[in-house]
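Visitor:
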Amino acid sequence: MDALTRTLKATIEAADHAITAEDFDELMKFYADDATLVVKPGLTVTGKDSIRRAFVAIAEHFNHSIVVTQGEMQVIPGADVALVVMETLLQATDKAGEKIEISRKATYVFRLIADQWLCAVDNSYGTTLLDNIVEP
7 MDALTRTLKA TIEAADHAIT AEDFDELMKF YADDATLVVK PGLTVTGKDS
57 IRRAFVAIAE HFNHSIVVTQ GEMQVIPGAD VALVVMETLL QATDKAGEKI
107 EISRKATYVF RLIADQWLCA VDNSYGTTLL DNIVEP
């Protein structure tokens, strides 16, 4: 694993820990000021304040029980950005007490800003966003 991949893997793992701990102030340190989050297919939010509010709502949706981990990853660097394609694993308990396990192939875009890799696009749905597109 090269240095960039190790750095981004550690960054994503730390962000996952912040999500699981619902430490949204810490989580926002991983995002660029103008970052965009895909909340769900058809809904994106931009900017740290909006992303923070979205994560608060996501925690509520998952009954404050979400645990996020990552699996395999590929990093494609170019200029001052890096595309990360990564298996994202979500575990939670719904309001009825049922266990939920979700596996996604996420895509993230990181941008190098002041010597720090920050998430510019957070798309945990990856290419499945294309699954619901209706052609005109």
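For the sequence shown, position 17 matches number 23 in the working numbering, and the numbering has no gaps at all. Cβ coordinates follow ideal geometry from the N, Cα and C atoms, glycine included.
List the endpoints of the continuous alpha helix (DSSP H) containing Glu32.
Guide: First-last of the alpha helix (DSSP H) with Glu32: Phe30 to Met34.
Visitor: According to DSSP, simplified to helix, strand and coil, what is Asn69?
Guide: Correct three-state label for Asn69: coil.
Visitor: Hey, Ser109 and Thr94: beta-carbon distance below 9 Å or not?
Guide: Yes, they are a contact pair.
Visitor: So Ala21 and Leu33 are supposed to be a Cβ contact under 8 Å. How far apart are they, rounded?
Guide: So it is a contact: roughly 6 Å between Cβ atoms.
Visitor: From Thr133 to Thr113, what distance separates their C-alpha atoms?
Guide: If I take the Cα positions, the gap works out to 8 Å.
Visitor: Where do the N-terminal and C-terminal ends of the alpha helix (DSSP H) with Leu14 fall, by residue?
Guide: Ala9 to Thr26 is the extent of the alpha helix (DSSP H) around Leu14.
Visitor: Should Val44 be counted as a contact of the ligand ADP given a C-beta to heavy atom distance under 8 Å?
Guide: No copy of the ligand ADP occurs in the structure displayed, which carries no ligand at all.
Visitor: If you draw a straight line from the alpha carbon of Leu96 to that of Val74, how long is it in whole angstroms?
Guide: Their backbone Cα atoms lie some 5 Å apart in a straight line.
Visitor: Per DSSP, what kind of secondary structure is Asp121 in: helix, strand or coil?
Guide: Looking at Asp121 - three-state DSSP - the assignment turns out to be coil, as it is neither helix nor strand.
Visitor: Please classify Ser56: does DSSP put it in a helix, a strand, or coil?
Guide: Helix.
Visitor: Smallest Cα separation from Trp123: which of Val87, Tyr131 and Ala98?
Guide: Comparing Cα positions, the closest option is Val87.
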